[in-house]
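Quick note, the working numbering runs 398 ahead of the 1-based positions in the sequence shown. Even glycine gets a Cβ: it sits at the ideal position worked out from N, Cα and C. Notes follow the structure.
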Amino acid sequence: MTQSYLPGLWDTRSARMKNSTKWCNLYSTESKYKLSFTPSNIAPKVPLYLTVLFLVLFFTLLYRLNASLDAKYIVIIVLTLTLPQYFFLRYLFKQQIKSNLLVGNNVLLSESGELTFAADQHWQITSASFILPFGCSLVLERNSKKLFCWVFKDSLNNRSYRRLCRLVMRQKANV
399 MTQSYLPGLW DTRSARMKNS TKWCNLYSTE SKYKLSFTPS NIAPKVPLYL
449 TVLFLVLFFT LLYRLNASLD AKYIVIIVLT LTLPQYFFLR YLFKQQIKSN
499 LLVGNNVLLS ESGELTFAAD QHWQITSASF ILPFGCSLVL ERNSKKLFCW
549 VFKDSLNNRS YRRLCRLVMR QKANV
């Protein structure tokens, strides 16, 4: 009884389409996720952490090798070498943060590992990307051009960061 009122839903022969050409567009069928990058709170502290680590290692090494030197001379030598290193690292990190095209932009991430910044900027995550406990390094490729980006863990929300890390691991596994 209901079938007579809605013939196209049950009887596929009466509901044929004029253009029944099969087509598949990977761009429209693939899942995409919107990533919103924010400035990191960890990034400004990294040069300080690296300098302190270098300071401790260098002081220990110098003290072990030159036990005959007085401690104040060792401290002067170590500080003379590490303070310029700290300011240089701080400068490099500030430049990287300023030039990071991810921060402040909404980026689309596809299941195949493609990042889309704008309508014409599609970058592919390569297998050279890697993950560390406090962030991940992305090596992006487009038309044989490479782009290196560092994504700190606090630059994305937890779900988006995990999704990005899964795609990096998938790219490494596909090699």
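Review point. Hey, out of F515, L490, L562, whose CA is closest to F550's CA?
Key: Taking the first residue of the sequence shown as 1, we reach residue 550 at position 152. Here the closest residue by C-alpha is L562.
Review point. Mind checking Y559: buried by the 16 CB within 10 Å criterion, or exposed?
Key: Position 161 of the sequence shown, counted from the first residue, corresponds to residue 559. It is buried - the Cβ of Y559 has at least 16 other Cβ atoms within 10 Å.
**Study point:** Neighbourhood of F457 by C-beta distance below 7 Å, restricted to the same chain and skipping five residues each side
**Key:** Taking the sequence shown and counting its residues from 1, the one referred to as residue 457 is at position 59. Correct list, in chain order: I472, V476.
Check your understanding: Over what stretch of residues does the alpha helix (DSSP H) that includes S558 continue unbroken?
Key -> Within the sequence shown, the letter at position 160 stands for residue 558. First-last of the alpha helix (DSSP H) with S558: 556-571.
Review point. Which residues bound the alpha helix (DSSP H) around F456?
Key: Residue mapping note: residue 456 aligns to position 58 of the sequence shown, counting from 1. It spans 444-463 - the alpha helix (DSSP H) in which F456 sits, taken as one unbroken run.
Practice item. Would you kindly work out how many angstroms separate the C-alpha atoms of N556 and L463, rounded to a whole number? Key: Here residue 556 refers to the residue found at position 158 of the sequence shown. Here residue 463 refers to the residue found at position 65 of the sequence shown. Cα atoms of N556 and L463: separation of roughly 45 Å, rounded to the nearest angstrom.
Point to revise | Beta-carbon contacts of A526 that lie in its chain and below 6 Å, excluding the five residues immediately before and after | key: Start at 1 with the first residue of the sequence shown, and residue 526 comes out as number 128. For A526, where only same-chain residues beyond five positions count, the Cβ hits under 6 Å are V537.
**Study point:** Option nearest A517 by Cα separation, candidates E509, I523, L530, N503
**Key:** Position 119 of the sequence shown holds residue 517. For A517, the closest of E509, I523, L530, N503 by C-alpha to C-alpha distance is N503.
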